[in-house]
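Trainee: These protein sequences, in sequence, are chains A and B. Residue 66 in numbering that gives the first Met the number 0 sits at position 67 of the first sequence, and the numbers go up by one each step. Residue 56 in numbering that gives the first Met the number 0 sits at position 57 of the second sequence, and the numbers go up by one each step. Cβ coordinates follow ideal geometry from the N, Cα and C atoms, glycine included. Keep in mind it's a predicted model, so treat the numbers as computed, not measured.
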Amino acid sequence: MKNLTLFVILAFLLPVTVSAQQMGPVTGDAENGALLFYQHGCYGCHGYSGYGRQDLNNTGSAILTNEVIFRAYLRGRQNVAPLLPSTAMPNYPANVLNDELVSNIYAYIRSMPENLPESDEVATLRAILESAQEPYTP
Amino acid sequence: MSNSEDKSNDKSNPESPKVGRRGFLKGAAAGAAAIAVTPAANAQSPSSYETTLSAPTYQQIERDTGMITAPSPDRSVLRPGSDLIVQALKDMGIEFVASNNGSSFEGIQESIANYGSPPNYMPEFITCLHEETSVDMANGYGKAEGKPMCAMLHGTIGIQHAAMAIYQAFYSGTPMLLIAGRDDGFIQAHTANDMAAMVRPFTKWDAQPKTLPECLDALHEAYRQAMTPPTGPVLVVIDMEIQKEEARDMVVPAFQPPVIDGIDVATARDIAQSLLDANNPRINVGQLRTPEGVAAAVKLAEVVGASTSTSATQGPMSFPQRHPLCGPGADTNNDFVLGLESESPNISLFRPTVESLTQSRDDMGVGFGGMRTNVPASGRGAPRQRPGTVMSIDAEGSIPVITGEAMRLISANQKSKIEARKANHASANQSAYVAALKEAVAEKKKGWDLSPVSTARIYAELWPLIKDEDWCLASPSNFSGGHHRQLWSHNKPYSYLGGQGAAGMGYGAGACGGAALAARGRNRMVVNVQTDGDMNYTPGVLWSAAHHQLPMLTVMHNNRAWHQELMFIQYLAGVRGRGTDRAHIGTTLRDPFIDYAKMAEAYGMAGEGPIEDPTLLAAALKRGVESVKNGEPYMIDVVTQPR
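#1: Does DSSP put Asn423/B in a helix, a strand or coil?
#2: Do you know offhand how far Val76/B's Cα is from Asp82/B's?
#3: Buried or exposed: which applies to Ile584/B, given that a residue is buried once 16 or more other Cβ atoms fall within 10 Å of its Cβ?
#4: Taking Pro451/B as the query, report the chain A residues whose CB atoms sit under 8 Å from its CB, ordered along the chain.
#5: Hey, is Gly43/A's beta-carbon within less than 7 Å of any beta-carbon in chain B?
#6: Would you list the one or two residues that DSSP bridges to Thr553/B?
#7: Output, in chain order, the set of chain B residues within a Cβ distance shorter than 8 Å of Ile127/A.
#8: With DSSP collapsed to three states, give me the class of Pro79/B.
#9: Where does Leu115/A sit, in a helix, a strand or coil, going by DSSP?
#10: Between Pro232/B and Met175/B, how many whole angstroms is the CB-CB distance? I'm expecting something under 8 Å.
#11: Taking the alpha-carbon of Ala106/A as reference, which of Gly27/A, Ser18/A, Met22/A and Gly23/A has the nearest alpha-carbon?
#12: So, Gly630/B versus Gln548/B, is the Cβ gap smaller than 7 Å?
#13: On the premise that Leu516/B lies in contact with Leu620/B, defined as a C-beta separation below 8 Å, what is that separation, rounded to the nearest angstrom?
#14: Return yes when the Cβ of Leu100/A is within less than 7 Å of the Cβ of Leu35/A, no when it is not.
#15: Would Thr58/A and Met566/B be called neighbours here (beta carbons separated by less than 7 Å)?
#16: DSSP three-state call for Pro212/B: helix, strand or coil?
#17: Based on DSSP bridge pairs, tell me the residues matched to Ile158/B.
#18: From Thr266/B to Ile392/B, what does the alpha carbon distance come to, in whole angstroms?
#19: Does any residue of chain B have a CB that is nearer than 7 Å to the CB of Ser102/A?
#20: How should Gly51/A be labelled, buried or exposed, when 16 other C-beta atoms within 10 angstroms of its C-beta is the threshold for buried?
#21: So the candidates are Gln313/B, Leu408/B and Tyr493/B; which of them puts its Cα closest to the Cα of Ser276/B?
#22: Report, in whole angstroms, the separation of the C-beta atoms of Arg696/B and Trp470/B, which I expect to be a contact under 8 Å.
#23: Please check if any C-beta of chain B sits within less than 7 Å of the C-beta of Leu124/A.
#24: Return helix, strand or coil for Ile107/B, following the three-state DSSP convention.
#25: At least one CB of chain A closer than 7 Å to the CB of Gly444/B: is that the case?
#26: Taking the alpha-carbon positions, what's the Arg589/B to Gly505/B distance?
#27: I need the DSSP call for His153/B, collapsed to helix, strand or coil.
#28: Measure the Cβ-Cβ separation of Asn90/A and Asn78/A and say whether it is below 7 Å.
#29: Restricting to runs no shorter than 4 residues, where is the alpha helix (DSSP H) found entirely within the stretch 17 to 69 of chain A?
#30: Hey, how far is the Cα of Gly326/B from the Cα of Asn557/B?
#31: Per DSSP, which residues does Arg181/B bridge with? Please list them.
#32: In whole angstroms, give me the CA-to-CA distance for Glu109/B and Val528/B.
#33: In chain B, what lies closer than 7 Å to Asp54/A by C-beta?
#34: Under 8 Å, with one C-beta from each stretch per pair, do the stretch 178 to 187 of chain B and the stretch 90 to 103 of chain B reach the 3-pair mark?
#35: So who's on the other strand from Ala465/B, going by DSSP bridges?
#36: Is the Cβ of Lys209/B closer than 7 Å to any Cβ of chain A?
As structure tokens, then:
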């Protein structure tokens, strides 16, 4: 457990990334996970589909490597509130989200669609990039 | 009477029908009698109700008309004091007076409506549904134009309604003229001995004149105080007696605009010489006061060939973002940096801010945070040590002096070097801009096609539609991702008007309304990316915008929550080990959802939504822009990702 905690801490602190091939299996219920993702307000920082103030998609975060690490990360968050308000990641002890529910949320996160169109394929984004070539007019 | 005083106040056109009060009452009585006799005259009337009517008695008519004694045929006041007050506002160039009507300033309101040719113009009375909106409008206008608009408040109750918005304007240092009516003989709860005391700690200056001449002087001084650093809101309390007294041949004194001191010539010469002697000078430009100040900064940078930084993506009145000299420049190793309302390792000029007024204004010792001298060493608003030599002097007032000295000192050899340097900077800054934009687009396209709509997509879809228009983003953008900072080009002094001032909610819609007032006569349009929490404080702004046909496109950033607070509660519940599934209590706007398109419709504003499908967004925005260009404000409700 000690080693796992250390790994989680390192995964959080270091820019470690994992490829899709390195990801562990999914055992939970993604549909229920989506409901939990909404009920527990995960969307607040991560968006309804994994894009937000803190992205979940396309990050290659080591925290999402497998269910065990993900669960350890949720359990190992800070559990002493500072005096000043914070929007940091909350703590999720087992009495709040048991292992099964964590697996369900993990399954939902893993099911999130990637949505990164090529800029050239989107007319709006193309127009924005082209506007950079327009001369400055006072 | 001032030279510019309007003399076309007389409505006694012999051709126009005259109906005096006595005539009106007489007519009303006759009308009542006519109705009463109708049943008798028309026995075939199908209405059984009418047959029950009988002619009113003289006493009934007297009662119904309020026992009013007819006035003298002559007007009791030929030249009311309030006409002179309005003339003073005209002389100072006050375009608008925003107000929720109140009896304590009825003299001034009547004069705005009827005095002048045309009446209700310069200033125009802007009808607001809440005093907070009136002041927020003045805030938005003041930020956009760098000069005061007027908000008029009704006695003690109006001042208290307005207090929050005044507080925000004070922190922003926005120049604005507040007038509060005072009527000591009417409703006692609406008056006070010292009305301004309620907001004194967060206004720059106030006066409660005792006579009409004092009042006219006070208005002039109020304008000068509002515009002179530290700029901020000022308040003049005007008694009803002053508004209604007969002014006879009293003269409105000529208005003397403020003279704002800049740097002394000797120091300006030293700075100019340093800029000219440097191989690679730089000018960091923060928030100046007026569009003229921005133009002056551009001229200085061009004369000395300095690369510049800008705060135009953070707030108004700074260097144009796409100016060829704005950016990192060809060489970031600068050997002399001048800060204009911005930090510098060498020399910076900062005007005094409202915090410097604390000692003189906070006579109750409230100690508002951010204005205290004993501020905690940490947290938002804590003081920080500025690097280099800091001069407490208005940068805007100093720039022309520095430029003048530079133009006088510059040699032919320096001119040639400067031209070459400017070309290098222009090329490097363009490359840097393109690279930054590419990076931004790659970031902002995340979740492009997902529903609810990403906030980045709102700003992205807006840009191609407005980039060739004269636009002003008047809504604070911190809570909606601030995506314009990376995607849009902020080249005008009013491109982005910045935050709320005191980070209080309820500011956005009103400020956008004020910016739209400034925009209306200037072929400009205002964009309001409106957070839903903020909207619900003063939704009546929508009616004011529709009524006054303000060029304002409102795009709801409808995340159905006070989202910042939701995240705070989530974290606190989480670290207390209680789970986050109840954090929505008190922080969300659900059960039921609010329909903002219907809200707009109820206030008479065209609109559509809610839009949850991002593919429908661009067409809706296009309709909105077209509507606004045609003079009609428009609202699009977009259900969005949280941020």
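Mentor: Quick look at the numbers:
#1: Correct three-state label for Asn423/B: helix.
#2: Rounded to the nearest whole angstrom, the CA to CA distance from Val76/B to Asp82/B is 11 Å.
#3: It is exposed - the Cβ of Ile584/B has fewer than 16 other Cβ atoms within 10 Å.
#4: Within chain A, the residues near Pro451/B are Tyr47.
#5: Interface annotation, Gly43/A: in contact with chain B, CB-CB separation under 7 Å.
#6: In DSSP, Thr553/B forms a bridge with Asn527/B and Met634/B.
#7: Within chain B, the residues Leu436, Val440, Ala459, Trp462, Pro463 and Leu486 have their CB atoms less than 8 Å from the CB of Ile127/A, given in chain order.
#8: Reduced to three states, the DSSP call for Pro79/B is strand.
#9: In the structure shown, Leu115/A sits in coil (DSSP, three-state: anything other than H, G, I, E or B).
#10: Their Cβ separation, rounded to whole angstroms, is 5 Å, which keeps Pro232/B and Met175/B in contact under 8 Å.
#11: Comparing Cα-Cα distances from Ala106/A to each of Gly27/A, Ser18/A, Met22/A and Gly23/A, the minimum goes to Gly27/A.
#12: One thing to note: Gly630/B has its Cβ within 7 Å of the Cβ of Gln548/B.
#13: With 8 Å as the limit, Leu620/B and Leu516/B do not qualify as a contact, their Cβ atoms being about 23 Å apart.
#14: Result yes, Cβ atoms of Leu35/A and Leu100/A sit closer than 7 Å.
#15: Contact flag unset, no.
#16: Pro212/B carries a helical assignment under DSSP once its states are collapsed to helix, strand and coil.
#17: Beta bridge pairing from DSSP links Ile158/B with no other residue.
#18: Straight-line Cα distance between these residues: approximately 12 Å.
#19: No, no contact with chain B.
#20: Counting Cβ neighbours within 10 Å, Gly51/A comes out buried, since at least 16 surround it.
#21: Checking the sequence shown, residue 276/B turns out to be Asp, not Ser. Distance check between Asp276/B and each of Gln313/B, Leu408/B and Tyr493/B places Leu408/B closest, using alpha-carbon atoms only.
#22: Given a span of 0 to 642 for chain B in the structure shown, any question on residue 696/B remains unanswerable.
#23: At a cut-off of 7 Å between beta carbons, Leu124/A contacts chain B.
#24: DSSP places Ile107/B in helix when its eight states are reduced to three.
#25: Note that residue 444/B is Lys in the sequence shown, not Gly. For Lys444/B, the closest Cβ of chain A is nearer than 7 Å.
#26: So the alpha carbons of these two residues sit roughly 19 Å apart.
#27: The answer is strand: DSSP assigns His153/B an E or B state.
#28: In this structure, Asn78/A lies closer than 7 Å to Asn90/A by Cβ.
#29: If we require 4 residues or more, the alpha helix (DSSP H) runs fully inside the stretch 17 to 69 of chain A come out as 29 to 38 and 42 to 45.
#30: For Gly326/B and Asn557/B, the distance between alpha carbons rounds to 34 Å.
#31: DSSP output for Arg181/B lists Asp238/B as bridge partner(s).
#32: Each residue's Cα considered, the two are about 36 Å apart.
#33: Here the neighbours are Lys445.
#34: Touching, yes.
#35: The residue asked about is misnamed: residue 465/B is Ile in this sequence, not Ala. None, per the DSSP bridge assignment.
#36: Cβ-Cβ to chain A under 7 Å: no for Lys209/B.
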